[in-house]
Each structure stands twice: as C-alpha cells, then as structure tokens.
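Read the structure below first, then the notes.
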Amino acid sequence: MEAIRILHAGLFTTIQDGGRIGYTKLGIPRSGFLDPKAAGYTNILLNKEPTSALLEMIGVGIKFEALDDISFAVHGAKGKTLIDSKEVNPNRCFSIHKGCVVEIKSFDKGRVAYLGFNGKLKTDEFLNSSSTLSTVNVGGKKGGRLKKHDVLYLENIYDLDDTQLEIGNYALPSNIPIVSVYKGPEFSSISNPNVLAKLIKVSKDSNRMAALIESESIQIQIAENFASKPLWPGMIQCTPSGKLMVMLQDGPTTGGYPRVLFLQKEQLCLFNQIPAGGSFKFKIIED
Amino acid sequence: MVRLNKRLGKYEVEIYKMDSDLYRLVPKKESKNFEILGLQLQNLKLAQITDIICTDTEIFLSFSGKFTELNEVLKSAKQLTGQAKSWKLPVRFTKSVDWQRVKDQTGLKRKEYIAELLKVEFKVAPFGFQPGFVYLKGLPKKLQVSRKATPVFNSIKNAFAVGGPYGGVYTYPSPAGWNVLGQLALPIFDLNEDAICVFNVGDTVRLVKISKVEFHSLQDSTTTDFWKR
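In structure tokens, the structure reads:
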C-alpha cells in the first residue's frame, strides 16, 4: 500500500535497519542505525523487532503526507513534531488519516531520530538488509537518501493501539557531554596525548562514513611501512596531519592510519547524538 | 583492552577483547601462518562468528561464543593447504590520462609498461577499503606509480589500476586515488545476489591483454560461466 509521500526530505534521510551482517570480509561495511538504542525504542513503540527497518533522519526531520490511514512513531533526537500543524509530544505512536500532514522540524537536541510505521517498509533489500549504503548505491530506497516526492510503501500492515504504550524522553547528550573512550591499538603513536582531554568539537563535515573531530593539532608518528589494519564503527584514526576521524557505520573496513582511540557500542550511540558543530570531551579509560 | 589467551588452535596469537562481541587478533610472530588462520576462520562458517576482517597483520573477529569452543573447532579443522588458485584476468588497456603519470614516474611508454605488467604474478591480498575493491600484491618497484594526492572520480566499472606497491580493481565507479589503466571484461565481484568474489585471498593473478572486440564478446558471456572455466 502507498503509505506516505515525502514533502520535505530533510538533510540526509535514509532507510536503515540492524545492519548488513557477515560481509565485512568482502569490504562491505555493516551500515545500519547510527544509534541502535534510539531505533530500538522507536521499534518498541511500533511493536516491532528492534532491528526492523526505519527512516533515519540526521540533524533535521522530514515532512510527509499520509497517503492512507496509518500509524507512525518517532523517537531519538528531539525536534518539534506537528500533525496538521498541531504540536504533539512524540513519546507514543500516533494514528493518522489519509491526507494528514506530519512535520518533524530541525532537532533542538540530539542529532539522529527514527521514524517508522505500522507495517513493513518496502525497500530495495541487499544482502539480507534494508540498510542504505549510499557509497555504492545499494539498499534502502534506490540505494540513496530520500528525496522530495518519493513515495514509500508498506506491506503486512497491522493495527496499532496508539494509547497502549508511552515512553519517556530519550536520553540525549547534555550540553558538553563526556564521551568515555578506550585507547586504540596505536595510541602510543601520539606524542601529545594531553590534547585529547581538552574540549573538542564534532565537525560539520561529518557523514555516515566518518565524523571528523576539530581539536588542537595532534602530533603523530606514523611508521613508513604502516600496513592497513581492520576498522570497525567507533574506531578513531588519526591522519598524518593530526586530525581525528571517528569511523562510523558506513565507513571502510580497513584503513592505513593509526587507530588511536576506540568507542565501544554504547558510547558510539552517545557520540552519534552530538549535533554537528557540537562540543564534547573525551574521557580516556585506563586499562 | 583486555588481553586473553595466546593460542588459538595451532596458531600463536594474542587476543584482545575490544567490545562485548568484538576481538582483535594479532600474530605473535610475523608468519604466513596468520594468513591461513584468517582463511580458516572464514571457512569455518560458525554461527557465532558474525563478521571477520582480515589484513596481513591483524584480524577483527565479531564473535559471540566462547574461545575454548573456537579452539576445539580450530584444532580439529582440516589444515588448509594448496587451495590457492591461479587466475587469468582479461584486461582491455584504455587510453587513460593516467598513462602520462606512468611515463613520468617509470620512464616507460604505454606499450613497454603493458609488456612488463603482463609478466607480473600478483597475489590476492585481504579485501577491504570499499565494497568491490580488490588489492593485488606484487607490483615490482620499476612499475610502481604513486597514488594521486587528490582522488579523481573514476567512472569505469571493473577498472584496473595501480597505486604504490599494489595493483587493484575498482568494481564500482568511485573517487579513485590510483592510476586507472584498463578495464576488466567481467566483474570479479558479484554483489547482485550473493556477495561473492571469484578470488580468494592468496590466489595468484596474471593479466591478459585483450582487444576491443574480445572485450565486447566476453561481456556477453555470463560471469559465473566464465570464471568456472
């Protein structure tokens, strides 16, 4: 069934799910939710499996028109949510009628939010996953981000009682969050590690492959014959020019720069909710 | 990071726990045995191993079981030997602008460079970087051309390129820092149905020069049939 038409597509809205498991050996990243915790709550509101496919919105929400009677839920980063211009608190799911217009404004707090519906999103599945990997144009909707006028379809629609479940606000990072981080395998390549404890920023040039960090320049020694090493979401590389890059869900599976820090899953969720341009502090966990 | 045991089956490795289900494996000594461990882990098809990334010097293992069990499985697994295959890769050399870089850096003209390139026996290195990209080790020093300072968009599918000490194949168009010299008649990656690469790590590869006519006739044959020959 035709479910919604996109009126405003936001900045980088893609379809994601729990990820494409089992293909990193071929250089295919897992992709999937930038914040699996927030996505999991959204799916709970929809009475679905936590890894079911959802729309992932970064920085700003979308505006859509319902093309049939549907239910939806939105959770994660917080932006004003309007149903036919009336503001609602999105801590539950909502049933709306055909023709209804929903608008999720830019986020006041957090960076990533999820939107889902009472049915299975029809996607261009690739290797058992709906996750969009825009670098090679696969998964999601035609392998890329959603665009104005796109129509999304639902299958296996089920009834959802929108008063049944209510959850609290999602725990989003405070103004200057402290992100706990482990030392990476090549931590000792840094000769001025005290820089890492200072206030730093997430660059606006970040995407689903990597987040760049703005900090005082880091002095790094890279062996001339440094071989490519495995990477994983949360691994932080340092470039020869002293810039930190946090590898994210769509990032490469190997890389040739020293891996100086590592964010475990939980902390990566928190990190990915820091808005572009937002400040934070690392707290290095001593082994 | 927590360090676990130092042995895995017959292999001497240090195992570091990175996260609840992510482990980093480092060989105790440089040995070609480590490459075999990677292949062996990939071949096990254990449900507890959900992902594996191999490089020459390290392995990442996404694993949700007990290492004692993995140890037992590895001990009883058949030793992998003599599995490497040799491939002939049909390449049409294109009239790329990158030939000027080849000439500037190696002093060889297009024809001379191709003749030398056809003599090279490459070895398939562990996959990585981006989907569909394959590293081929073994490019001799006299044929090495540096990577570009700024990548240039390569619009050719199945492009053969050289960069530093490697040859490589870009299955998909993407920004490329390497020097694109030709095009394979058939993809070595099939991402359409079941992600497969016709090569395995450790296989050997030689290039075979083909003409435009041969290129087009090869393109008509189905990929799987061709590689099965």
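Residue numbers (this note's numbering), protein chains in the order written: chain A, 38 to 324; chain B, 1365 to 1593. Note that CB positions come from ideal geometry on N, CA and C, so glycine has one too. Bear in mind that the values here come from a model prediction, so they are computed numbers and not experimental data.
Quick one: which chain B residues come within Cβ less than 9 Å of residue i?
{"i": "A264(A)", "result": "T1419, D1420, T1421, E1422"}
{"i": "P210(A)", "result": "Near P210(A) there are no residues of chain B at all, since even the closest Cβ is about 20 Å away, more than 9 Å."}
{"i": "P295(A)", "result": "Within chain B, no residue comes near P295(A); the closest Cβ sits about 13 Å away, beyond 9 Å."}
Going along chain A, which residues have a C-beta under 7 Å from residue i?
{"i": "R1511(B)", "result": "None at all; the shortest Cβ gap to chain A is about 11 Å."}
{"i": "Y1530(B)", "result": "The contacting residues do not exist; Y1530(B) stays about 10 Å from chain A at best."}
{"i": "Y1375(B)", "result": "Those do not exist, as Y1375(B) stays about 17 Å from chain A at its closest Cβ, beyond 7 Å."}
By how many angstroms is the C-alpha of residue j removed from the C-alpha of residue i?
{"i": "L285(A)", "j": "K1430(B)", "result": "27 Å"}
{"i": "V1342(B)", "j": "A260(A)", "result": "With chain B covering only 1365 through 1593, there is no way to say anything about residue 1342(B)."}
{"i": "M1382(B)", "j": "D145(A)", "result": "33 Å"}
{"i": "K280(A)", "j": "D1420(B)", "result": "25 Å"}
{"i": "S278(A)", "j": "E253(A)", "result": "11 Å"}
{"i": "Y1387(B)", "j": "R1367(B)", "result": "10 Å"}
{"i": "F1524(B)", "j": "A1479(B)", "result": "15 Å"}
{"i": "E1422(B)", "j": "L164(A)", "result": "26 Å"}
{"i": "P1495(B)", "j": "D121(A)", "result": "43 Å"}
{"i": "K1393(B)", "j": "L298(A)", "result": "24 Å"}
{"i": "Y1530(B)", "j": "P1490(B)", "result": "12 Å"}
{"i": "G288(A)", "j": "S68(A)", "result": "8 Å"}
{"i": "K1452(B)", "j": "R1570(B)", "result": "5 Å"}
{"i": "I1552(B)", "j": "V1488(B)", "result": "12 Å"}
{"i": "G1502(B)", "j": "E223(A)", "result": "27 Å"}
{"i": "Y195(A)", "j": "E39(A)", "result": "15 Å"}
{"i": "D242(A)", "j": "F49(A)", "result": "13 Å"}
{"i": "I257(A)", "j": "V218(A)", "result": "18 Å"}
{"i": "N1518(B)", "j": "G1546(B)", "result": "11 Å"}
With H, G and I counted as helix, E and B as strand and the rest as coil, what does DSSP make of residue i?
{"i": "Q301(A)", "result": "coil"}
{"i": "T169(A)", "result": "coil"}
{"i": "A40(A)", "result": "strand"}
{"i": "Y195(A)", "result": "coil"}
{"i": "P267(A)", "result": "strand"}
{"i": "I204(A)", "result": "coil"}
{"i": "T1568(B)", "result": "strand"}
{"i": "R296(A)", "result": "strand"}
{"i": "V1562(B)", "result": "coil"}
{"i": "S132(A)", "result": "strand"}
{"i": "R1465(B)", "result": "helix"}
{"i": "D242(A)", "result": "coil"}
{"i": "V175(A)", "result": "strand"}
{"i": "F1431(B)", "result": "helix"}
{"i": "F1398(B)", "result": "helix"}
{"i": "K1341(B)", "result": "Limits of chain B in this structure are 1365 at one end and 1593 at the other, which puts residue 1341(B) out of reach."}
{"i": "S226(A)", "result": "helix"}
{"i": "I259(A)", "result": "coil"}
Just the chain A side, please: which residues come within less than 8 Å of residue i by C-beta, in chain order?
{"i": "I1416(B)", "result": "T61, K62"}
{"i": "F1497(B)", "result": "G64"}
List the DSSP bridge partners of residue i.
{"i": "Q1547(B)", "result": "R1456(B), A1523(B)"}
{"i": "G153(A)", "result": "A110(A)"}
{"i": "F70(A)", "result": "DSSP lists no partner for F70(A)."}
{"i": "H45(A)", "result": "K100(A)"}
{"i": "D1415(B)", "result": "S1426(B)"}
{"i": "C275(A)", "result": "L281(A)"}
{"i": "T1532(B)", "result": "Looking at the sequence itself, residue 1532(B) is Gly, so the reference to Thr does not match. In DSSP, G1532(B) forms a bridge with Y1499(B), A1525(B)."}
{"i": "S1450(B)", "result": "T1568(B)"}
{"i": "T118(A)", "result": "V125(A), I141(A)"}
{"i": "F317(A)", "result": "I237(A)"}
{"i": "K1473(B)", "result": "DSSP lists no partner for K1473(B)."}
{"i": "F163(A)", "result": "S166(A)"}
Please classify residue i as buried or exposed, where buried requires at least 16 other C-beta atoms within 10 Å of its C-beta.
{"i": "C112(A)", "result": "One detail in the question is off: residue 112(A) reads as His in this sequence, not Cys. H112(A) should be labelled buried."}
{"i": "N1543(B)", "result": "buried"}
{"i": "G314(A)", "result": "exposed"}
{"i": "N309(A)", "result": "buried"}
{"i": "L1372(B)", "result": "buried"}
{"i": "N193(A)", "result": "exposed"}
{"i": "T200(A)", "result": "exposed"}
{"i": "I322(A)", "result": "exposed"}
{"i": "V173(A)", "result": "buried"}
{"i": "N1407(B)", "result": "exposed"}
{"i": "A247(A)", "result": "buried"}
{"i": "S265(A)", "result": "buried"}
{"i": "P267(A)", "result": "buried"}
Below 8 Å on C-beta distance, what does residue i contact in chain B?
{"i": "K302(A)", "result": "D1383, S1384"}
{"i": "P267(A)", "result": "R1388, I1417, C1418, T1419, E1422, I1423, F1424, G1492"}
{"i": "P230(A)", "result": "Here the premise fails: no neighbours, minimum Cβ distance about 16 Å."}
What does residue i touch in chain A if you count any residue whose Cβ is under 9 Å from its own?
{"i": "Q1494(B)", "result": "G64, I65, P66, T172, V173, P289, T290"}
{"i": "Q1406(B)", "result": "K62"}
{"i": "Y1536(B)", "result": "T172, V173, N174"}
Could you tell me which chain B residues have their CB closer than 7 Å to the CB of residue i, listed as they occur along the chain?
{"i": "I58(A)", "result": "T1414, D1415"}
{"i": "F299(A)", "result": "M1382"}
{"i": "P73(A)", "result": "Here the premise fails: no neighbours, minimum Cβ distance about 13 Å."}
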